[in-house]
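Going line by line, the protein sequences match chains A and B.
Going by my numbering, the first sequence opens with residue 1, and the numbers climb by one from there.
Going by my numbering, the second sequence opens with residue 1001, and the numbers climb by one from there.
Heads up, the beta-carbon is just placed ideally off N, CA and C, and yes, glycines get one too.
All remarks here apply to the structure that follows.
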Amino acid sequence: GENVEQHPSTLSVQEGDSAVIKCTYSDSASNYFPWYKQELGKRPQLIIDIRSNVGEKKDQRIAVTLNKTAKHFSLHITETQPEDSAVYFCAAIKGGGNEKLTFGTGTRLTIIP
Amino acid sequence: DAGVTQSPTHLIKTRGQQVTLRCSPKSGHDTVSWYQQALGQGPQFIFQYYEEEERQRGNFPDRFSGHQFPNYSSELNVNALLLGDSALYLCASTRRVYTGELFFGEGSRLTVL
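Written as structure tokens, this is what we have:
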């Protein structure tokens, strides 16, 4: 089955700086890669996603890049703000809605004011 | 649109007891998945229901069972509770023809004493 590795497990950056979180996946058939943000005691919320036919996607301060050959994808947050502090999870899935989402182990991001 | 709703939000059980958790999917969604999230970990896939049948199952023992009703709502049952079953149980819904985001509920936090 699919295996998703995520690094780093914790990340602290100064407010205004950029943060990068990296994930690798094992199943080359995976074709959809969402990123979720989870605040303490809350549900995971989708912040951005990318499909395998796209190399990069951007939404305001958040961007995701995908390298299908190397089977890795990354989340980039620019101009970080205190409200960006949370746990971020990458995930991978293949096929349609009958497939399960495999999550990475999470990155705890702390923005230092 | 109420999104994905789960109940109860919190509950405490003792070892050996049984628990039932409930989930109502987002309007228009017909597929429900259950995930277990232990403290500090990423969500782990338990199983998925579509058309009232279990379609996929993760690496969880038979103590974990589920059901989906004609209105697409779902239940997760756990028998013979163990201390290690303490976790946040997340329900997620999507459409069978998967076009994007998996919507998560706020979860049911189970504590087993």
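Review point. Which word fits F33/A, buried or exposed, when buried means at least 16 other C-beta atoms lie within 10 angstroms of its C-beta?
Key: buried
Exercise for the section: Could you check the C-alpha separation between A86/A and F1104/B for me, to the nearest Å? Expected result: If I take the Cα positions, the gap works out to 17 Å.
- Message: So, under 8 Å CB-CB, W35/A and L75/A are touching, yes? Tell me the CB distance rounded to an integer number of Å.
- Response: Confirmed, about 5 Å.
**OP:** Would you please verify whether the beta carbon of S1033/B is less than 8 Å from any beta carbon of chain A?
**Re:** Under the Cβ criterion of 8 Å, S1033/B is counted among the residues facing chain A.
In the DSSP assignment, the beta strand (DSSP E) including Q1056/B goes from what residue to what residue? E1053 to R1057
**Request:** Return the chain-ordered list of same chain residues with a C-beta closer than 6 Å to the C-beta of T1020/B, the five sequence neighbours on each side being excluded.
**Result:** E1075 and N1077
Worksheet entry | CB contact below 8 Å: D40/A versus chain B | Before going on, a small fix: residue 40/A reads as Leu here, not Asp. With its beta carbon at least 8 Å from every one in chain B, L40/A lies outside the interface.
* To do: Output, in chain order, the set of chain B residues within a Cβ distance shorter than 8 Å of K58/A.
  => Going along chain B, no residue has its Cβ under 8 Å from K58/A, so there is no contact; the nearest lies around 17 Å.
Review point. For chain B, is any of its Cβ atoms less than 8 Å away from the one on P113/A?
Key: no
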